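In this note's numbering, the protein residues as written are 145 to 582.
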Ligand SMILES: [Zn+2]
């Protein structure tokens, strides 16, 4: 599964109304579309703007309600263990301005040198209140994980308002958990900690120094996307496929670890073509795995620069790398090649991600061939796959792999999606007289 992160886009005025993928010259992806069956994919409901980790979770066939939260997955990705009952949140240093009793976000991504970052983070590393231990664990730059231990719950809201000009938010128990003592306590502890952080950081000599230099102060912490460990059926048990994930970003390593896929960290060199090609070569050589997730963040990152032309060029570089997949995987009867994305990332406008579908192409020996000629968000809509939802994709993959279980067969206590899974054989014992009636 080649996953081109954030590949989908909106019609871009700067490209005459085309999406960057439509506007791009993509001969290899187009040939793959001609060889296979095409459609559109949305991880959940069309129109919903999905974050990558949740989109991946759904595409890998897990139910929305079982999502453990980004804070937890990010912690796992950075090798921070989160035990049962603990809570992990994303946390980052912010620049805020005081207005009356509120803190107004000036800068969500303030520029800070590594030494200042380290010193300020050390200042707010440990805190405890109402029997809850709070620890800030740095993840590089202004970002970190906030680990909470005690009677805590992940059912709390974010404090980081993301958009400049909005106030830092009070943490609240989420709907349905207003009476939940753990959620209420978690919110109280976080609010107290955030106020404490603001006081400590504001007084720090490094911030006085920054003020003298005309730099914005780094004087607050913002938290978001609380998560906690939860029991998830391992990928291999769920789908009968031994899985591997090749990705360069820690959140995918965390997701792979949470689902029992082998996380293989790879690096981004600044050359999207070379990086994707290297990952495709690794996937091609990984003989011991049945399912390989080959990920590149390049289209998403290009879209976040809000330059449609740049995204188009990055897509063209990725297409050149896909020449390797075309030569070695498409046409191999042992390979089912799935090319898709997790969500749309619009390369103009205010949204972080947007809710449109992404293209989906599947090439394999048993896969129907349709009449689609080009790989993009509009042409793939004419394909024979139609609209595929996240929770359907793994079932489709099993079917194309000749492995889907006939629904209704019960050869194990829990219904399985794949045929010939683990089962318990009947034991023939020596018949004993008393077992047989008169
Ligand atoms: Zn993504």
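Even glycine gets a Cβ: it sits at the ideal position worked out from N, Cα and C.
These numbers come from a predicted model, not from an experiment.
| Asked | Found |
| --- | --- |
| Limits of the alpha helix (DSSP H) - the one that residue 483 falls within | Looking at the DSSP string, residue 483 is not in any alpha helix (DSSP H); the run it does join, the beta strand (DSSP E), is 481-484. |
| Contacting residues, own chain, Cβ-Cβ under 7 Å from residue 326 (five flanking each side not counted) | 295, 296 and 297 |
| Paired residues, beta bridge with residue 533 - DSSP | 186 |
| Chain-order list of residues whose beta-carbon lies under 7 Å from that of residue 211 (same chain, five-residue window excluded) | 198 and 201 |
| Touch test, the stretch 184-192 against the stretch 531-545, Cβ-Cβ under 8 Å, three pairs minimum | yes |
| Validate contact between the stretch 236-255 and the stretch 349-367 using beta carbons, cut 8 Å, 3 pairs | yes |
| Cut-off 6 Å between Cβ atoms - residues of its own chain near residue 159, not counting five sequence neighbours on either side | 167 and 452 |
| Beta strand (DSSP E) segment containing residue 241, residue limits | 231-243 |
| Chain-order list of residues whose beta-carbon lies under 8 Å from that of residue 568 (same chain, five-residue window excluded) | 556 |
| Test item: CB-CB of residue 334 and residue 367 under 8 Å | yes |
| Alpha-carbon spacing of residue 371 relative to residue 173, whole angstroms | 37 Å |
| Where residue 369 falls: helix, strand or coil (DSSP) | strand |
| Assigned secondary structure, residue 289 (DSSP; H/G/I helix, E/B strand, else coil) | strand |
| Pairwise C-alpha distance: residue 353 and residue 219 | 32 Å |
| Residue 357 burial status per 10 Å Cβ neighbour count (16 or more: buried) | exposed |
| Assigned secondary structure, residue 548 (DSSP; H/G/I helix, E/B strand, else coil) | strand |
| Rounded C-alpha distance that separates residue 391 from residue 222 | 13 Å |
| Identity of the residue in 506, 502, 276 and 235 nearest residue 479 by Cα | 506 |
| For residue 213 and residue 369, believed in contact at Cβ under 8 Å, the rounded distance | 6 Å |
| Residue 448 Cβ short of 7 Å to ligand 1 heavy atom set | no |
| Distance CB(residue 254)-CB(residue 265) smaller than 8 Å | no |
| Unbroken alpha helix (DSSP H) run spanning residue 277, endpoints | Residue 277 -> not in any alpha helix (DSSP H); beta strand (DSSP E) instead, spanning 276-282. |
| Assigned exposure category for residue 128 - 16 Cβ within 10 Å defines buried | With the chain covering only 145 through 582, there is no way to say anything about residue 128. |
| Close-in-space but distant-in-sequence residues of the same chain around residue 397 (CB under 7 Å, 5 per side omitted) | 221, 391, 407 and 409 |
| Residue 179: first and last residue of the uninterrupted alpha helix (DSSP H) it sits in | 171-179 |
| Residue 196 Cβ short of 7 Å to ligand 1 heavy atom set | yes |
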